[in-house]
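This report refers to the structure that appears directly beneath it.
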Amino acid sequence: MKNFPEIRLTREEEFLPPFLHKNKNNLEELIDDISKNVIRDMDEYGMCVVDNFLGTEKGLAVLNEVLNMYSAGLFKDGQLVSNKAGASDLKTIRGDQITWLDGKEKQCQNIGMLISQVDAVIMRANKMCNNGKMGNYTINGRTKAMVACYPGHGSHYVKHVDNPNRDGRCITAIYYLNRDWDIKQNGGLLRIFPEGWRDQVADIEPLFDRILFFWSDRRNPHEVQPAYKTRYAITLWYFDAEERNQACRRYQRESRWYINCN
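Numbering (full-length UniProt numbering), first residue to last: 1 to 262.
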């Protein structure tokens with residue numbers, strides 16, 4: 001079981017920072033519209049793309065915080081769920097550098113605002129009536145936000161599944177921060193190989209202020225193709241409560257077995 005830094009989620013209203021409450025009616029309508037789009041597209045395609053998620057001004061504020069953190073050397077090489085690969089193998093599998101945040105850090109207020117808005121969308125979609133496949137899950141937790149940088153030079157992430165072994169993650173949400181991105185010159189395409197689509201794929205360009213939602217399990221193998229320009233993204237994974245509890249209990253049993261055998 002992947003040992004993620006976890007955050008518990010409770011009431012939807014708690015996710016929105018105070019300054020967003022001032023425009024609550026407009027925000028409620030926005031969250032409602034996005035949530036309905038997420039429900040519809042996740043049902044039909046297993047994924048959903050939303051452009052202009054925050055708007056240019058707020059998106060730039062998030063980007064500036066990420067750039068400041070990267071300049072401060074706060075990122076480390078990404079890791080794999082399995083520790084079987086050596087350091088040299090790791091670079092051929094994934095070439096990103098990452099840091100984990102909860103959005104409450106002093107230098108991350110705008111990232112916190114982004115996280116709050118994504119939380120609100122997911123929780124609204126999970127609790128709406130007639131919410132399709134979203135209704136199959138009880139979402140009350142997620143990981144911290146993983147901020148990732150692919151530093152160019154062909155850095156990539158080979159084809160993989162986020163949650164192949166029922167670790168609890170049910171929804172992946174990725175927010176992109178890349179201005180003036182030219183996919184032909186810069187690469188860095190996210191390619192999804194949806195289950196049941198035969199030979200078809202979904203190609204997602206990592207464009208500024210775009211957010212992507214998709215099922216985290218084996219329905220959506222995906223890869224990040226080589227990036228030749230610095231590429232930034234922020235990822236959140238949302239847990240299904242029952243699957244996550246089962247994964248935690250399984251991990252505890254395996255840990256006790258390992259201790260007893262050594």
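Heads up, the beta-carbon is just placed ideally off N, CA and C, and yes, glycines get one too.
Under the three-state DSSP convention, the category residue i falls into
{"i": "Y251", "result": "helix"}
{"i": "D41", "result": "helix"}
{"i": "G95", "result": "coil"}
{"i": "E6", "result": "strand"}
{"i": "N26", "result": "helix"}
{"i": "residue 263", "result": "Shown here, the chain extends from 1 to 262; a query on residue 263 therefore has no answer."}
{"i": "C108", "result": "helix"}
{"i": "Y157", "result": "strand"}
{"i": "residue 326", "result": "This structure cannot settle anything about residue 326, because the visible part of the chain is limited to 1 through 262."}
{"i": "E223", "result": "strand"}
{"i": "M128", "result": "coil"}
{"i": "T163", "result": "Looking at the sequence itself, residue 163 is Asn, so the reference to Thr does not match. Correct three-state label for N163: coil."}
{"i": "A72", "result": "coil"}
{"i": "A87", "result": "With a pLDDT of only 47 at A87, under 50, the local geometry of the prediction cannot be trusted, and no value is derived from it."}
Alpha carbon of residue i to alpha carbon of residue j, nearest angstrom
{"i": "Q200", "j": "T172", "result": "21 Å"}
{"i": "Y238", "j": "V121", "result": "12 Å"}
{"i": "D102", "j": "F75", "result": "15 Å"}
{"i": "P226", "j": "L177", "result": "17 Å"}
{"i": "I39", "j": "N52", "result": "18 Å"}
{"i": "E29", "j": "R124", "result": "11 Å"}
{"i": "E105", "j": "P164", "result": "31 Å"}
{"i": "G46", "j": "N136", "result": "14 Å"}
Where residue i falls, given that 16 or more other Cβ within 10 Å makes a residue buried
{"i": "V66", "result": "buried"}
{"i": "W100", "result": "exposed"}
{"i": "G154", "result": "exposed"}
{"i": "A87", "result": "Here A87 scores only 47 on pLDDT, less than 50, and its place in the model is too uncertain to base an answer on."}
{"i": "N83", "result": "In this predicted model, N83 has a pLDDT of only 41, less than 50, meaning its place in the structure is not dependable enough to derive any value."}
{"i": "V158", "result": "exposed"}
{"i": "A233", "result": "buried"}
{"i": "G78", "result": "buried"}
Beta-carbon proximity of residue i to residue j, cut-off 8 Å
{"i": "S216", "j": "R169", "result": "yes"}
{"i": "D203", "j": "L189", "result": "yes"}
Practice task
For the segment 110 to 127 and the segment 56 to 66, state whether three or more C-beta atom pairs, one from each stretch, are separated by less than 8 Å.
Solution key: yes
Handout entry: Three or more C-beta pairs below 8 Å linking the segment 242 to 250 and the segment 123 to 132
Key = no
Problem - Contact the segment 191 to 207 vs the segment 30 to 40: 3+ CB pairs below 8 Å - result: no
Problem - Stretch-stretch touch, CB-based, cutoff 8 Å, three pairs: the segment 148 to 164 with the segment 105 to 113 - result: no
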